[in-house]
Amino acid sequence: MNIAVYPGSFDPITNGHLDIIERTTKIVDKLIVAVAVDSKKSTLFSAQERTEMIKETTKNVEKVEVKSFSGLLTDFVKKNKASIIVRGMRAISDFEHESQLALMNKRLAPEIETIFMVTCYKYSYLNSSIVKEIASLNGNISQLVPEIVEKNLKTLFFNEKA
Ligand code: ADP
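Numbers given in our numbering equal positions in the sequence shown, counted from 1, plus 1057.
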């Protein structure tokens, strides 16, 4: 059974992440979306909130499980009997950081392969930070994130329901 792990901060999940999740489930038997608890980035949402939003968003996507993790990613991958790490690749600017991570993970656990899913064109400029910035300025993010995320961002920034 091919089990893959898609790790990230997901602060919050965007339609770009969701696209990677949906496409990856077509080529693996099971996909574990792994929310980094001790992300280097300071996050807007808690690990629990980030996890809940992904669960809600992916509840109808088959083969997906959502978990949070702390510590080494390679340890989490092994503990879950997975053998693949999935990452998204948007622009050439992602390449340097992503290849460094992949090579370090290969060194730590040679039996685990990293695969890159190239983002679909319409989400290639999208990341969680830009979504948070637009939302904080009351811009329209409805095409960029799942409904639950839009609602939570509005509540957080303007204390109002979407
Ligand atoms: P991290 O802090 O690990 O980079 P992110 O939540 O920012 O966490 O990203 C998780 C993964 O999703 C990364 O591989 C990133 O390249 C990918 N990703 C983020 N946004 C998009 C997008 N719009 N399209 C495709 N992949 C994306």
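Quick reminder that beta carbons are idealized off the backbone N, C-alpha and C, glycines included. Just so you know, these numbers come straight off a predicted model, no measurement behind them.
Is the Cβ-Cβ distance between residue i and residue j less than 7 Å?
i: residue 1073; j: residue 1180; result: yes
i: residue 1066; j: residue 1093; result: yes
i: residue 1134; j: residue 1172; result: no
i: residue 1071; j: residue 1185; result: yes
i: residue 1174; j: residue 1196; result: no
i: residue 1091; j: residue 1120; result: no
Within the same chain, show all residues whose beta-carbon is closer than 6 Å to that of residue i, passing over the 5 residues directly before and after it, in chain order.
i: residue 1219; result: Bear in mind that the predicted position of residue 1219 carries a pLDDT of just 49, short of 50, making it unreliable; the figure below should be weighed with that in mind. So the qualifying residues of the chain are 1207, 1208, 1211.
i: residue 1122; result: 1089
i: residue 1155; result: 1144
Skipping 5 residues on each side, what residues in its chain have a beta carbon closer than 7 Å to that of residue i?
i: residue 1137; result: 1060, 1062, 1089
i: residue 1153; result: none
i: residue 1127; result: 1094, 1095
Excluding five sequence neighbours on each side, which residues of the same chain lie with their C-beta closer than 8 Å to the C-beta of residue i?
i: residue 1100; result: 1066, 1068, 1107
i: residue 1079; result: 1118
Which one of the options has the shortest CA to CA distance from residue i?
i: residue 1140; options: 1097, 1199, 1086; result: 1086
i: residue 1130; options: 1151, 1102, 1157, 1165; result: 1165
i: residue 1076; options: 1200, 1216, 1149, 1167; result: 1200
i: residue 1182; options: 1147, 1058, 1157, 1109; result: 1147
i: residue 1084; options: 1142, 1132, 1214; result: 1142
The stretch 1145 to 1164 in contact with the stretch 1186 to 1194 per 3-pair CB rule at 8 Å = no
So, do the stretch 1107 to 1124 and the stretch 1197 to 1205 have three or more beta carbon pairs nearer to each other than 8 Å?
-> yes
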